[in-house]
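In this note's numbering, the protein residues as written are 1117 to 1444.
The next block holds one structure in the form of structure tokens; read it before the comments.
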């Protein structure tokens, strides 16, 4: 095992606003540097790493307004997973964010059943400094068997800004899903979601759940299936999967919410084999758009549709065409 990289230092300055005159130093410090927790800031005041006009002061000491606050401290390690050399498909990268195309089968966070081989391990190998960020900078997640685009913060300010955008529903998240049933129109699923009352692995629509909104529209119709474009307004666990199952149009291949395999009458052999062999939810995070956390410029990334999903759509299309030919 290699020694972990030393934690990087945070060095920054800010000016106390005149309106803060008379207030406690620790309270003002928290407002000037909102990317750090109050407990972390309090420790830096105590150690002398947070100073007022170059002087060490106590947390309760009042400020006058106009002073210069300097902050210089080692950031504590927040993520203790081991770096692993796992290839990443990077769609965009700068000093503040990394946007990746996550493949199906890659777990995002280490856990009891997956202590290694996760996206966190891969990110720490690519950028060891991510260990000072919660969850190595990951601000949202995709299920293990959902593919597609994800954004990761590389700095605390970027981490804070992206979480705020997600919380205020300012991030555009667009998915592709193949669902059971031939829908005639799009719509909106507005149904609260929370943990299933009996099966703790599953989520469920519940009246006492957290608000959850999914907009969907038709991308392509087949005989007994539909390719949907889904847009998340909220980001609950398993949201699209739960909402589509609730609407009686579960996602193809979904092991938790999909139900028994359904085949259209007279399905081609290729379609039968493809549907039986599709062992993950047919869900792909296609597009992610957000305001860059530092520049404010729009960042839009699109992840190519993976081959297994492309093949499924092609076979469904061929089956629909074959059935139409028979009716002629």
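Glycine is no exception: its CB is placed at the ideal position from the N, C-alpha and C atoms.
Going by C-alpha distance, which of 1340, 1342, 1341, 1357 is nearest residue 1348? 1357
Hey, residue 1310 and residue 1285 are a contact pair by Cβ (cut 8 angstroms); roughly how many whole angstroms apart? Actually they are not in contact, since the Cβ atoms of residue 1310 and residue 1285 sit about 19 angstroms apart, beyond 8 angstroms.
For residue 1344, which residues does DSSP report across the bridge? 1293, 1334
With 16 other CB atoms within 10 Å as the buried threshold, where does residue 1379 fall? exposed
Determine whether the beta carbon atoms of residue 1228 and residue 1239 lie at a separation below 8 angstroms. no
Would you mind sorting residue 1203 into buried or exposed? The rule is 16 or more other CB atoms within 10 Å of its CB. exposed
Please go through the same chain and pick out, in chain order, the residues whose beta-carbon is closer than 7 angstroms to the beta-carbon of residue 1133, but skip the five residues on each side of it. 1181
As assigned by DSSP and simplified to three states, the class of residue 1218: strand
Roughly how many whole angstroms lie between the Cα atoms of residue 1454 and residue 1392? Outside the displayed range of the chain (1117 to 1444) lies residue 1454, so it cannot be described from this structure.
Scan the stretch 1190-1273 and note each continuous alpha helix (DSSP H) run of 4 residues or more that stays entirely inside, going in chain order. 1235-1242
Residues in its own chain within less than 7 angstroms of residue 1431 by CB, not counting five upstream and five downstream? 1386, 1387, 1390
If you reduce the DSSP assignment to three classes, tell me which class residue 1147 lands in. helix
Using DSSP with H/G/I as helix, E/B as strand and the rest coil, what is residue 1311? strand
Should residue 1218 go down as buried or exposed, given a rule of 16 or more other Cβ atoms within 10 Å for buried? buried
From the DSSP output, in three-state form, read off residue 1323 for me. coil
Distance check for residue 1241 and residue 1337, CA to CA, integer angstroms please. 42 angstroms
Could one say the Cβ of residue 1143 lies closer than 8 angstroms to chain D's Cβ atoms, at least one of them? Absence of chain D from the displayed structure is noted, only one protein chain being present.
Distance check for residue 1221 and residue 1421, CA to CA, integer angstroms please. 15 angstroms
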